[in-house]
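Worksheet for the structure shown next.
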Amino acid sequence: MTTIQRQPRYEVSDRLGRIALGQEPAELVIKNGTLVNVFTGELQEGIDIAIAAGRIAYIGQADHTIGDGTKVIEARGRYITPGLLDGHMHVESTMLTVTEFAKAALVTGTTGVFMDPHEIANVFGMEGVRWMHEEGRELPLKVFTTIPSCVPATFDLEDAGAQLGVSDIEEGLTWPGVAGLGEVMNFPGVVYGDPTMKGEIEATIRAGKAVTGHFPAEDDRMLQAYLAAGVSSDHETVTREQALAKVRLGLHLMIREGSAWQDVKEVIKVVTEDKVRTDNISLVTDDVYPQTLLRLGHMNHVVRRAIEEGVEPVTAIQMATVNVARYFGLDGDLGSISPGKIADMLLIDDLNSMVPSIVITDGEVVAEAGQLIKPFPVYEYPEKAFSSVRLQRALTAADFRLLSQYETHQTKVNVVRVIENSARTAKHTAVLPVKEGVIQPDVSQDVIQLACIERHQGTGQISLGFATGFQLKHGAVASTVAHDSHNLLVMGANTEDMALAANELAACGGGMIAVRDGKVLAKVAMPIAGLLADRPVETVAEEVAALEDAWRELGCPIHAPFMTFSLIALPVIPEIRITNRGLADVTEFKLIETEIGPVS
Numbered sequence: 064m065t066t067i068q069r070q071p072r073y074e075v076s077d078r079l080g081r082i083a084l085g086q087e088p089a090e091l092v093i094k095n096g097t098l099v100n101v102f103t104g105e106l107q108e109g110i111d112i113a114i115a116a117g118r119i120a121y122i123g124q125a126d127h128t129i130g131d132g133t134k135v136i137e138a139r140g141r142y143i144t145p146g147l148l149d150g151h152m153h154v155e156s157t158m159l160t161v162t163e164f165a166k167a168a169l170v171t172g173t174t175g176v177f178m179d180p181h182e183i184a185n186v187f188g189m190e191g192v193r194w195m196h197e198e199g200r201e202l203p204l205k206v207f208t209t210i211p212s213c214v215p216a217t218f219d220l221e222d223a224g225a226q227l228g229v230s231d232i233e234e235g236l237t238w239p240g241v242a243g244l245g246e247v248m249n250f251p252g253v254v255y256g257d258p259t260m261k262g263e264i265e266a267t268i269r270a271g272k273a274v275t276g277h278f279p280a281e282d283d284r285m286l287q288a289y290l291a292a293g294v295s296s297d298h299e300t301v302t303r304e305q306a307l308a309k310v311r312l313g314l315h316l317m318i319r320e321g322s323a324w325q326d327v328k329e330v331i332k333v334v335t336e337d338k339v340r341t342d343n344i345s346l347v348t349d350d351v352y353p354q355t356l357l358r359l360g361h362m363n364h365v366v367r368r369a370i371e372e373g374v375e376p377v378t379a380i381q382m383a384t385v386n387v388a389r390y391f392g393l394d395g396d397l398g399s400i401s402p403g404k405i406a407d408m409l410l411i412d413d414l415n416s417m418v419p420s421i422v423i424t425d426g427e428v429v430a431e432a433g434q435l436i437k438p439f440p441v442y443e444y445p446e447k448a449f450s451s452v453r454l455q456r457a458l459t460a461a462d463f464r465l466l467s468q469y470e471t472h473q474t475k476v477n478v479v480r481v482i483e484n485s486a487r488t489a490k491h492t493a494v495l496p497v498k499e500g501v502i503q504p505d506v507s508q509d510v511i512q513l514a515c516i517e518r519h520q521g522t523g524q525i526s527l528g529f530a531t532g533f534q535l536k537h538g539a540v541a542s543t544v545a546h547d548s549h550n551l552l553v554m555g556a557n558t559e560d561m562a563l564a565a566n567e568l569a570a571c572g573g574g575m576i577a578v579r580d581g582k583v584l585a586k587v588a589m590p591i592a593g594l595l596a597d598r599p600v601e602t603v604a605e606e607v608a609a610l611e612d613a614w615r616e617l618g619c620p621i622h623a624p625f626m627t628f629s630l631i632a633l634p635v636i637p638e639i640r641i642t643n644r645g646l647a648d649v650t651e652f653k654l655i656e657t658e659i660g661p662v663s
């Protein structure tokens, strides 16, 4: 379990000291390994590590710490590294509960994460944050929380299921295991003095905790105003030039490698080509699918990607261990292998592959050869968590038909154009046919129908628009994973399938679905807040793989289409989005009309 608060170093320091002096035996000794020293960058061969009370007592030649009851692990030929830390991630993106995510992440070498439960906060507010936070506190994986800062992400463009204010953040910052403020996405609000953003940041600074950031813009003046306000990190950097500018200003650069957004290849050039110091750089995942966890891993995959791009293995490991701990002010306990620190560590045969053969947390072996050997507690979500999709009524095909404001046979419309492997969208226009007063999608132009339905309060509010870039030719898809307010998104080539997709998701409590010709092709039910599945990772991964196949059957060839789809409602990243209130021009932070006007 997360033990930093439960067994501080001072409570066991006398015992650790006696073990170091050889006056008392250790509980566990790892022998003859090659220590990855994240302080000096050295690989120290023939090192023993003595452990007791979940912490490290001695490093070196530790025969004097071995007694009759000491467990000894032979590590000859293997590397000993600190456990890997993910400095920014959303558990909800894995589609799993915190427990199921932890099971999958631990075996790959992740021993701690700093989660931003922003998604469940938009559905259930601080109550939902508390559920995930409490679940994480009881696990062998250390789960730290950053309290969501922007719920909803914007107040003028969309409606979420909850709102958080300064008093909520102040309360959350007092919870044990809370490490800071979640990514501050409303950067215009920060820069221009929004009182809520100002109050949240000031409360976090007073608490002595990290203010994590989200800055996708390229405006130097805004960036510096953002930093001056107290935000200290960013994970939205996508170019080498942006990265260099940010690290020069002292911002903690988080380089992201998730399932959909894969920034290491470009951004790591700030290390491999610009040769900047890496003390203020860390590696993160942000958003990871269950298939990625099972096929590629978690933080070990991100470290591996950095190594593949030319980073020295020890440096890459530093960026996923001690650098993360230092950023959050937890390096007195985590992120390195040194006397007194918590004994979270990995035994790895090959640093280039980063596949751990043994995973140790709190001085206990929790996984070996890719298999968990420690039981996990069971967390029960309350009944309320399973009833978050509230539609006013069942939807019909007519609900998705957009009437033209003009008597015309053709009309010009604004269209949301998605970009493969990018969280950004582009503002696009198209000329569409109008039949019997209804604006028609046109698959020949790759322009299909798009809708966003308010699903928290049952208001019946529906906004309609069009999307391009998915290349959908048939059927429809829907999702209650719709960052950040998580209303019900529906998209399709025909309105009948759109209605079916929406109603099927409402019936199962939310999730993601693909349908064609009146039949469900694939569905991933996520009944917990419409965001999390209540099933094991292996089951969810199979369902997601089937969903990917279904998207391809509908004609969509792009990578990670449902992630791209889930972000089509996110009105804090340029350029254009759809929310339950309508189309949002994110560059100007205002709602715009879908229909521009008739074409003669």
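One rule links them: number in the working numbering = place in the sequence shown (from 1) + 63.
We treat Cβ as the ideally placed atom computed from N, Cα and C, and that holds for glycine.
**Message:** Can you tell me whether aspartate 297 is helix, strand or coil according to DSSP?
**Reply:** Counted from its first residue, the sequence shown places residue 297 at position 234. In the structure shown, aspartate 297 sits in a strand (DSSP, three-state: E or B).
**Item:** Host alpha helix (DSSP H) of isoleucine 264 (start-end)
**Value:** By 1-based counting over the sequence shown, the position of residue 264 is 201. Run containing isoleucine 264: 258-269, per the alpha helix (DSSP H) assignment.
**Local conformation of asparagine 550 per DSSP, three classes** = Start at 1 with the first residue of the sequence shown, and residue 550 comes out as number 487. Coil, per DSSP.
**Prompt:** Who are the near neighbours of lysine 261 in its chain, counting only those whose CB is closer than 8 angstroms to its CB and skipping five residues on each side?
**Reply:** Translated into the one-based positions of the sequence shown, residue 261 becomes position 198. Result list for lysine 261: Val253, Ala292, in chain order.
**Item:** Cα-Cα separation, isoleucine 423 to alanine 120
**Value:** For this step, residue 423 is matched to residue 360 along the sequence shown. For this step, residue 120 is matched to residue 57 along the sequence shown. So the two alpha carbons sit approximately 15 angstroms from each other.
**Prompt:** Between glycine 146 and valine 501, what straight-line distance do the alpha-carbon atoms span, to the nearest angstrom?
**Reply:** By one-based count along the sequence shown, residue 146 stands at place 83. By one-based count along the sequence shown, residue 501 stands at place 438. About 58 angstroms.
**Asked** Hey, how far is the Cα of leucine 654 from the Cα of aspartate 219?
**Response** Here residue 654 refers to the residue found at position 591 when the sequence shown is read from its first residue. Here residue 219 refers to the residue found at position 156 when the sequence shown is read from its first residue. Taking the straight line from one Cα to the other gives about 9 angstroms.
**Asked** Rounded to a whole number of angstroms, what is the C-alpha to C-alpha distance between glutamine 86 and alanine 430?
**Response** What you label residue 86 is simply residue 23 of the sequence shown in a count that begins at 1. What you label residue 430 is simply residue 367 of the sequence shown in a count that begins at 1. Cα-Cα distance, rounded: 30 angstroms.
**Message:** Helix, strand or coil, according to DSSP, for aspartate 126 in the structure here?
**Reply:** Counting from one through the sequence shown, the residue named residue 126 turns up at place 63. In this structure, aspartate 126 counts as helix in the three-state DSSP scheme.
**Request:** Assuming glycine 645 and serine 526 form a contact by the criterion Cβ under 8 angstroms, report the distance between their Cβ atoms to the nearest whole angstrom.
**Result:** Here the question's residue 645 lines up with position 582 in the sequence shown. Here the question's residue 526 lines up with position 463 in the sequence shown. That belief holds up - the Cβ atoms of glycine 645 and serine 526 are roughly 5 angstroms apart, short of 8 angstroms.
**Request:** Return the Cβ separation of threonine 259 and leucine 244 in integer angstroms, given the expectation that the two are a contact with Cβ distance under 8 angstroms.
**Result:** Here residue 259 corresponds to residue number 196 of the sequence shown, with the count starting at 1. Here residue 244 corresponds to residue number 181 of the sequence shown, with the count starting at 1. Not confirmed; about 12 angstroms, so no contact.
**Item:** CB of histidine 196 within 8 angstroms of CB of threonine 209, strictly
**Value:** Indexing the sequence shown from 1 puts residue 196 at position 133. Indexing the sequence shown from 1 puts residue 209 at position 146. Contact: no.
**Asked** From this set, Val101, Leu84, Ala541, which residue's C-alpha is nearest glycine 573's C-alpha?
**Response** Looking up residue 573 in the sequence shown gives position 510. The shortest C-alpha separation from glycine 573 is found at Ala541.
**Item:** Distance, leucine 563 Cα to threonine 488 Cα
**Value:** Taking the sequence shown and counting its residues from 1, the one referred to as residue 488 is at position 425. Taking the sequence shown and counting its residues from 1, the one referred to as residue 563 is at position 500. Distance between the alpha carbons of threonine 488 and leucine 563 is about 27 angstroms.
**Message:** Could you check whether asparagine 185 and glycine 224 sit closer than 8 angstroms to each other, using their CB atoms as the reference points?
**Reply:** On the sequence shown, residue 224 is found 161 positions in, with the first residue counted as 1. On the sequence shown, residue 185 is found 122 positions in, with the first residue counted as 1. Yes, the pair counts as a contact, with Cβ atoms nearer than the cut-off.
**Message:** Rounded to whole angstroms, what is the Cα-Cα separation between aspartate 14 and methionine 626?
**Reply:** In this structure the chain extends from 64 to 663, so residue 14 is not present and cannot be described.
**Prompt:** Between the C-alpha atoms of glutamate 499 and threonine 471, what's the straight-line distance to the nearest angstrom?
**Reply:** In the sequence shown, the residue the question calls residue 499 occupies position 436. In the sequence shown, the residue the question calls residue 471 occupies position 408. Each residue's alpha carbon lies about 9 angstroms from the other.
**Request:** Going by DSSP, name the residue or residues bridged to lysine 582.
**Result:** Taking the first residue of the sequence shown as position 1, residue 582 is located at position 519. Beta-bridge pairing links lysine 582 to Arg579.
**Message:** Within 8 angstroms, do at least three Cβ pairs link the stretch 504-512 to the stretch 583-597?
**Reply:** no
**Message:** Check whether the stretch 536-551 and the stretch 414-428 are in contact - that is, three or more C-beta pairs closer than 8 angstroms.
**Reply:** no
**Request:** Kindly indicate which three-state DSSP category asparagine 557 falls into: helix, strand or coil?
**Result:** To locate residue 557, count along the sequence shown from 1; it is residue 494. Three-state result, asparagine 557: coil.
**Asked** Looking only at C-alpha atoms, which of Lys332, Met158, Gly403, Lys447 sits nearest to tryptophan 194?
**Response** The sequence position of residue 194 within the sequence shown is 131, counting from 1. Checked all of Lys332, Met158, Gly403, Lys447; the closest Cα to tryptophan 194 is Lys447.
**Prompt:** leucine 414 to glutamate 105, Cα distance in whole Å?
**Reply:** Along the sequence shown, read from residue 1 onward, the residue named residue 414 stands at position 351. Along the sequence shown, read from residue 1 onward, the residue named residue 105 stands at position 42. If you take the alpha carbons of leucine 414 and glutamate 105, they lie about 13 angstroms apart.
**Message:** Tell me which residue opens and which closes the beta strand (DSSP E) that glutamine 512 is part of.
**Reply:** As a working mapping, residue 512 is identified with position 449 in the sequence shown. Counting along the chain, the beta strand (DSSP E) containing glutamine 512 begins and ends at 510-516.
**Message:** Give me, in chain order, the residues of the same chain whose beta-carbon lies closer than 7 angstroms to that of alanine 623; leave out the 5 immediate sequence neighbours on both sides.
**Reply:** For the purposes of this step, residue 623 is taken as the residue at position 560 of the sequence shown. Correct list, in chain order: Ser322, Ala323.
**Asked** According to DSSP, which residues form a beta bridge with phenylalanine 628?
**Response** Taking the first residue of the sequence shown as position 1, residue 628 is located at position 565. Note: phenylalanine 628 sits in no beta bridge, so no partner.
**Asked** Going straight from the alpha carbon of arginine 453 to that of serine 548, what length do you get?
**Response** For the purposes of this step, residue 453 is identified with residue 390 of the sequence shown, where counting begins at 1. For the purposes of this step, residue 548 is identified with residue 485 of the sequence shown, where counting begins at 1. Computed Cα separation, rounded: 14 angstroms.
**Asked** In chain order, which continuous runs of the alpha helix (DSSP H) of length 4 or greater are located wholly inside the stretch 388-452?
**Response** none
**Message:** Which runs of the alpha helix (DSSP H) at least 4 residues long sit entirely within the stretch 153-183? Give them in chain order.
**Reply:** 161-169
**Item:** threonine 492, buried or exposed, once every other Cβ within 10 Å from all chains shown has been counted against 16
**Value:** Numbered from its first residue, the sequence shown carries residue 492 at position 429. Exposed is the call here.
**Asked** For glutamate 108, is the classification buried or exposed, using 16 other Cβ atoms within 10 angstroms of its Cβ as the cut-off for buried?
**Response** What you label residue 108 is simply residue 45 of the sequence shown in a count that begins at 1. Per the 10 Å Cβ criterion, exposed.
**Request:** Examine the Cβ distances between the stretch 609-621 and the stretch 305-312 and report whether three or more of them are shorter than 8 angstroms.
**Result:** no
**Request:** Can you have a look at valine 441 and say buried or exposed, based on whether 16 or more other CB atoms are within 10 angstroms of its CB?
**Result:** Working through the sequence shown from its first residue, we reach residue 441 at position 378. Result: exposed.
**Asked** Looking only at C-alpha atoms, which of His277, Gly96, Leu84, Phe102 sits nearest to aspartate 394?
**Response** If you number the sequence shown from 1, residue 394 lands on position 331. Selected option, being the one with the closest Cα: Phe102.
**Prompt:** Contact check, alanine 165 vs leucine 356 under 8 angstroms by CB: the rounded distance?
**Reply:** The residue you call residue 165 lines up with position 102 of the sequence shown. The residue you call residue 356 lines up with position 293 of the sequence shown. Alanine 165 to leucine 356, Cβ: 11 angstroms. No contact.
**8 angstroms Cβ cutoff met for tyrosine 390 and glycine 150** = As a first step, residue 390 must be located in the sequence shown, where it is residue number 327. As a first step, residue 150 must be located in the sequence shown, where it is residue number 87. Contact flag set, yes.
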